[in-house]
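These notes concern the structure reproduced below.
There are 2 protein chains.
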Amino acid sequence: MPRGSGKVNLVDVARQAGVSLATASRVLNGSTRSVGADLRERVRQAAANLDYSPSAPAQAMARGGTDVVGLVVPDISDPYFSTIAASVVRHAEPHGLIITLASTERRFEREAEYVASLRSQQARGVVLVGSRTTNEEQLEALRAELDAYTAAGGRAAAIGQHILPADTVIVENQSGARALAEELVNLGYRRFAVLAGPADLLTARDRLAGFREGLRRHGIEVAGRDVINGEFTRDGGYEAASELLERERAPECVFAVNDVMAVGALSAFRDRGVRLPDELAVAGFDDIASLRDVWPSLTTVRIPLERLGEQALGFLLDEPAERSRTRRFSGEVVVRASTPPVS
Amino acid sequence: MPRGSGKVNLVDVARQAGVSLATASRVLNGSTRSVGADLRERVRQAAANLDYSPSAPAQAMARGGTDVVGLVVPDISDPYFSTIAASVVRHAEPHGLIITLASTERRFEREAEYVASLRSQQARGVVLVGSRTTNEEQLEALRAELDAYTAAGGRAAAIGQHILPADTVIVENQSGARALAEELVNLGYRRFAVLAGPADLLTARDRLAGFREGLRRHGIEVAGRDVINGEFTRDGGYEAASELLERERAPECVFAVNDVMAVGALSAFRDRGVRLPDELAVAGFDDIASLRDVWPSLTTVRIPLERLGEQALGFLLDEPAERSRTRRFSGEVVVRASTPPVS
DNA sequence: AAGCTTCCGGAAAGCGCTTTCCTAGCTTGG
DNA sequence: CCAAGCTAGGAAAGCGCTTTCCGGAAGCTT
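Chains as they are written, first to last, in my numbering: chain A, 3 to 345; chain B, 3 to 345.
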């Protein structure tokens with residue numbers, strides 16, 4: 003490559019090819035209008051010679067839009083979200099979409115800021131991942147921002163609960179947790195405790211509610227004191243589990259509302275000398291791939307995480323619909339070593 | 003917010019405020035030039051009223067640059083990379099940088115494409131994460147692209163090996179592995195095997211070399227047949243470990259060159275009925291946080307992953323240096339349950 | 001062969017912003 | 001009291017591209 007000297011633009015290419023700016027542009031972006039084969043070749047050559055790289059901002063301006071899609075997750079280092087992110091990135095690439103990543107560090111009020119930033123960037127769409135809180139103020143701010151964004155032509159998709167003005171991919175938390183509960187009862191467990199995550203996170207609430215419902219079908223209740231709230235993280239699970247062990251009456255089986263908490267709980271129990279899985283059973287939710295190697299391997303509810311991002315992107319690429327759409331994915335109970343049958 | 007009707011620009015704001023375009027611009031981007039307090043207030047009001055959102059592409063054009071930083075990782079769902087990504091994202095935010103994420107799915111030839119795309123986007127910088135292969139052709143393509151990018155004013159940083167024309171954050175793989183080897187010998191192990199990852203990945207090679215060097219200091223060799231190559235992933239570890247068990251003479255201790263492989267190996271051993279950790283010890287490398295809950299907990303080499311992204315970003319924000327800079331981070335051996343002292 | 005359509009290249013009008021460059025109006029000092 | 005010096009607002013020139021809109025040339029039709 004010869005000296006491009008870093009500042010080659012279409013004008014240079016056109017000049018070198020001996021054609022007009024318009025022609026050069028037409029050749030280079032495979033436009034609808036045809037261009038003579040000879041000129042086309044000349045332009046191609048010139049562009050290659052000069053190592054021409056089109057200015058994306060200029061294109062965005064002229065075209066009135068970009069190929070950027072914003073991805074907003076609560077915490078990219080959490081394997082649940084990084085798996086979803088991977089699926090979004092993977093499916094974005096073939097469509098020529100560029101993914102912009104934002105991690106709110108679970109400070110949900112920042113989601114609105116990111117959406118504002120995406121509007122400013124003229125991003126084509128946004129994918130909001132993660133559970134929403136019940137904080138109405140935050141929700142309202144986010145909704146307003148999303149409305150402004152879609153009014154400006156942006157597309158929005160959410161993965162989680164359907165409480166935003168956006169096409170939504172829903173995980174059937176409640177039915178999954180219910181099925182899990184029933185399975186655990188079938189295995190012979192009767193006394194349960196739940197590590198329930200933050201009280202205001204909808205995902206956590208749904209899973210708890212579903213779990214309780216499943217138990218209730220068999221006449222089993224979980225007392226409020228056996229439901230321990232905490233962070234939706236590994237450490238949150240560890241702490242909640244530790245707290246649980248202080249109680250006088252230990253449960254037979256602990257349901258952590260996600261896998262990340264469940265493995266934290268596993269460690270907490272082990273650190274206190276509990277013999278797993280015989281002395282205490284543990285179940286999780288999500289079936290995170292990178293957590294499959296813990297011992298005892300987790301009984302959990304498998305979510306098709308790879309599909310979630312794909313579907314969300316699908317929404318963005320589809321024609322905008324009149325009303326926001328919904329796609330539900332259900333989970334599947336997977337029984338593993340952490341919940342052996344009660345003998 | 004009144005009807006912005008989605009298409010408000012600075013001209014509208016200026017008109018509503020009854021000032022010129024120039025003044026509106028000066029107010030809104032806290033420019034160097036002062037503007038009378040009254041006008042300033044009028045512009046602010048107008049912008050708020052109209053729910054004005056500046057066009058980032060237009061700004062990029064006029065300013066000749068963006069605040070975008072590209073992050074290129076081999077696989078965002080791998081906890082090693084997602085941890086680094088988290089640290090990059092976290093430290094980007096306070097500087098107003100926007101992170102664009104690309105995951106190559108370990109197809110390294112795509113790194114060059116992404117750098118080209120970033121040049122086109124006028125991105126401020128790029129952070130390339132991950133081990134390089136020894137494939138000279140790929141390396142050359144990437145180097146050429148990076149040179150073109152920096153020639154155009156972009157900044158580049160790499161996390162991994164210093165074989166690219168970029169400021170580099172280096173993990174001291176070799177010395178870390180050496181220290182680990184010596185520690186394992188001190189614990190009483192003598193017969194080792196290594197799950198070595200891909201033969202052409204520099205990181206994997208360095209760790210293997212360092213490990214061997216450490217053993218050699220104590221007069222111990224690892225035969226070539228006890229070094230098993232495979233993918234740098236969990237499944238790669240599982241498979242390599244399975245292969246190992248077919249051998250006639252089992253080792254006392256297995257070193258997997260990263261934690262992800264190590265946990266895969268753990269599962270493989272367990273699936274074959276090996277009693278861990280007494281019958282067979284396992285050690286890893288990286289000390290991935292989300293893998294700390296496996297049992298037996300992994301002896302490993304702790305890398306300050308959170309610092310890596312921070313430092314890389316630091317390079318991008320610094321004044322460009324004459325020659326490319328280097329920052330080294332060393333690992334620290336952490337002994338846990340997976341390698342009990344040999345009695 | 002004249003009138004039509006078709007085809008293809010070029011000129012030019014933006015896209016929305018930043019930033020020089022001017023200029024009018026004030027302040028200030030000798 | 002006037003020249004010199006500031007200050008702050010506005011006009012306008014880009015930034016690099018896409019895309020109408022035009023017009024000349026070539027191909028068809030009858």
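Where is the CB? At the ideal position from N, CA and C, for every residue including glycine. Quantities reported herein were computed from a predicted structural model and do not represent experimental measurements.
Contact with chain B by residue i, beta-carbon distance below 8 angstroms
i, result
"A/GLU107", "yes"
"A/ILE101", "yes"
"A/SER22", "no"
"A/GLN123", "yes"
"A/PRO96", "no"
"A/ALA150", "yes"
"A/ARG236", "yes"
"A/SER326", "no"
"A/THR341", "no"
"A/PRO59", "yes"
"A/PRO279", "no"
"A/THR68", "yes"
"A/PRO200", "no"
Simplified DSSP assignment, three categories, for residue i
i, result
"A/PHE331", "strand"
"B/ASN188", "helix"
"A/ALA201", "coil"
"A/ARG325", "coil"
"B/VAL10", "coil"
"B/ARG108", "coil"
"B/GLY155", "coil"
"A/VAL303", "strand"
"B/THR170", "strand"
"B/ASN31", "coil"
"B/ASN231", "strand"
"B/ASP288", "strand"
"A/GLY162", "strand"
"B/ILE222", "coil"
"B/LEU282", "coil"
"A/VAL131", "strand"
Candidates the options: closest to residue i by CA position
i, options, result
"A/GLU185", "A/VAL344, A/VAL131, A/THR102 and A/LEU148", "A/VAL344"
"B/ASP228", "B/VAL284, B/ARG121, B/ARG251 and B/GLU308", "B/ARG251"
"A/ALA158", "A/ARG192, A/VAL117 and A/SER122", "A/VAL117"
"A/VAL256", "A/ASP289, A/PHE234 and A/THR301", "A/THR301"
"B/ARG1", "B/ARG92, B/HIS97, B/ASP80 and B/GLY127", "What the structure shows of chain B is the stretch from 3 to 345, and residue 1 of chain B is not part of that stretch, so it cannot be assessed."
"B/VAL171", "B/SER299, B/GLY72, B/LEU315 and B/VAL335", "B/LEU315"
"A/GLY221", "A/LEU210, A/LEU203 and A/VAL187", "A/VAL187"
"A/ARG236", "B/ASP237, B/ALA19, B/ALA291 and B/SER332", "B/ALA291"
"B/ASP280", "B/VAL91, B/ALA339, B/LEU204 and B/LEU210", "B/ALA339"
"A/ALA160", "A/LEU23, A/VAL265 and A/GLY127", "A/GLY127"
Residue-chain proximity (residue i, chain A), Cβ-Cβ < 8 angstroms
i, result
"B/ILE161", "no"
"B/ALA285", "no"
"B/ALA88", "yes"
"B/THR85", "yes"
"B/ALA62", "yes"
"B/VAL91", "yes"
"B/ILE78", "yes"
Count Cβ pairs between the segment 36-54 of chain B and the segment 67-84 of chain B that sit closer than 8 angstroms; are there 3 or more?
no
Residues, ordered as in the chain, of the segment 238-271 of chain A that lie near chain B by beta-carbon distance below 7 angstroms:
Per Cβ criterion, the list reads VAL265, GLY266, LEU268 and SER269.
Proximal residues, the segment 288-322 of chain B versus chain A, C-beta separation under 7 angstroms
Across the segment 288-322 of chain B, CB contacts with chain A closer than 7 angstroms involve SER292, ASP295, VAL296 and TRP297, in sequence order along the chain.
Taking contact to mean at least 3 C-beta pairs separated by less than 8 angstroms, is the segment 8-15 of chain B in contact with the segment 49-57 of chain B?
yes
Taking contact to mean at least 3 C-beta pairs separated by less than 8 angstroms, is the segment 283-297 of chain A in contact with the segment 258-278 of chain B?
yes
Does the pairing of the segment 130-144 of chain A with the segment 155-166 of chain A give three or more beta-carbon distances under 8 angstroms?
yes
Is it a yes or a no for the segment 143-150 of chain B touching the segment 236-254 of chain B, going by three-plus beta-carbon pairs under 8 angstroms?
no
Are the segment 230-238 of chain B and the segment 188-197 of chain B touching by the rule of at least three beta carbon pairs closer than 8 angstroms?
yes
Cβ-based contacts, 8 angstroms cut-off: residues of the segment 45-57 of chain B near chain A
ASP53, SER55, PRO56 and SER57
Contact between the segment 112-131 of chain B and the segment 72-89 of chain B (3+ Cβ pairs under 8 angstroms)
yes
Check distances from the C-beta atoms of the segment 152-186 of chain B to those of chain A and list, in chain order, the residues that come in under 7 angstroms.
ALA153, ALA154 and GLY155
Selection of the segment 112-137 of chain A by Cβ proximity to chain B, strictly under 8 angstroms:
ALA118, SER119, ARG121, SER122, GLN123 and GLN124
Are at least three pairs of beta-carbons, each pair with one atom in the segment 322-338 of chain A and one in the segment 91-110 of chain A, less than 8 angstroms apart?
no
Can we say the segment 89-98 of chain B touches the segment 54-63 of chain B, given the rule of at least three CB pairs closer than 8 angstroms?
no
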